[in-house]
């Protein structure tokens with residue numbers, strides 16, 4: 001009889017705990033535990049802002065002291081706003097191992113563009129008056145970063161490069177617009 005009483009007590013305690021967990025889960029679904037109604041409203045407003053930013057794609061690409069980007073292909077949708085951040089994760093100065101990110105128009109001959117860029121040091125190696133550049137970051141040294149925002153062009157495949165002299169042969173990739 002004594003064992004039966006203990007069993008009933010333990011079973012009853014477990015049932016109460018289980019029911020309490022369900023109520024807590026229901027509360028979490030409606031309002032996060034420990035947040036006020038105001039905080040929940042702010043969260044919903046942030047979610048609405050995220051929905052408004054759904055046409056914004058954020059991309060982070062890195063360049064290093066070995067003349068390499070960490071990705072060689074980027075895919076976006078036509079007309080989408082692209083927020084691209086270039087991070088120079090190396091340590092070398094921009095005069096020795098500078099990097100930028102340059103999105104070229106379709107049909108641009110990379111080697112010809114790279115050769116003309118060599119003469120544009122004062123303009124971050126972007127030739128003045130060129131119509132071959134859709135978007136570009138500034139030239140960066142080790143530990144620096146730059147963020148740009150632009151609208152993705154029409155569907156197609158575009159080249160991106162680093163236009164620092166000699167880098168375009170290794171630091172390049174495809175920017176694919178779907």
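Numbering (the UniProt record's numbering), first residue to last: 1 to 178. Just so you know, even glycine gets a beta-carbon here, dropped at the ideal spot from N, CA and C.
Unbroken alpha helix (DSSP H) run spanning residue i, endpoints
i           : result
residue 135 : Careful: residue 135 lies outside any alpha helix (DSSP H), inside the beta strand (DSSP E) at 133-136.
residue 94  : 94-97
residue 169 : Taken as a continuous stretch (DSSP letters only), residue 169 belongs to no alpha helix (DSSP H), as it is neither H nor E.
Beta-carbon contacts of residue i that lie in its chain and below 6 Å, excluding the five residues immediately before and after
i           : result
residue 144 : 88
residue 156 : 106 and 177
residue 86  : 61, 101, 137 and 146
residue 175 : 74, 103, 158 and 160
residue 114 : 168
residue 72  : 173
residue 108 : 132
residue 44  : The predicted model places residue 44 with a pLDDT of 40, which falls under 50 and marks its position as unreliable, so this point remains unresolved.
Contacting residues, own chain, Cβ-Cβ under 8 Å from residue i (five flanking each side not counted)
i           : result
residue 26  : With a pLDDT of only 41 at residue 26, under 50, the local geometry of the prediction cannot be trusted, and the value read off the model is given with reservation. None.
residue 110 : 104, 159, 161, 168 and 172
residue 134 : 103, 104, 105, 150, 153 and 158
residue 95  : 141
residue 92  : 65, 141 and 142
residue 126 : 100, 102, 117, 120, 133, 136 and 163
residue 138 : 100, 124 and 146
residue 170 : 67 and 68
Residue i: first and last residue of the uninterrupted beta strand (DSSP E) it sits in
i           : result
residue 161 : 156-161
residue 63  : 56-63
residue 110 : Looking at the DSSP string, residue 110 is not in any beta strand (DSSP E); the run it does join, the alpha helix (DSSP H), is 110-117.
residue 103 : 102-104
Residue from the options whose Cα sits closest to the Cα of residue i
i           : options             : result
residue 142 : 98, 83, 79 and 82   : 98
residue 166 : 62, 121 and 57      : 121
residue 112 : 123, 96, 132 and 93 : 132
residue 90  : 119, 123 and 69     : 69
residue 55  : 124, 76 and 61      : 76
Cross-strand partners of residue i (DSSP beta bridge)
i           : result
residue 87  : 62 and 145
residue 75  : 176
residue 81  : 56 and 151
residue 164 : In DSSP, residue 164 forms no bridge with anything.
Sequence-distant residues of the same chain with beta carbon closer than 7 Å to residue i, five excluded per side
i          : result
residue 15 : Low confidence applies to residue 15: its pLDDT is 42, below 50, so where it sits in the model is not reliable, and the reading given next is rough at best. The answer is none, since no qualifying residue turns up.
* Inspect the CB distances between the stretch 147-161 and the stretch 66-83 and report whether three or more fall short of 8 Å. => Contact between the stretch 147-161 and the stretch 66-83 is present, because at least three Cβ pairs lie under 8 Å.
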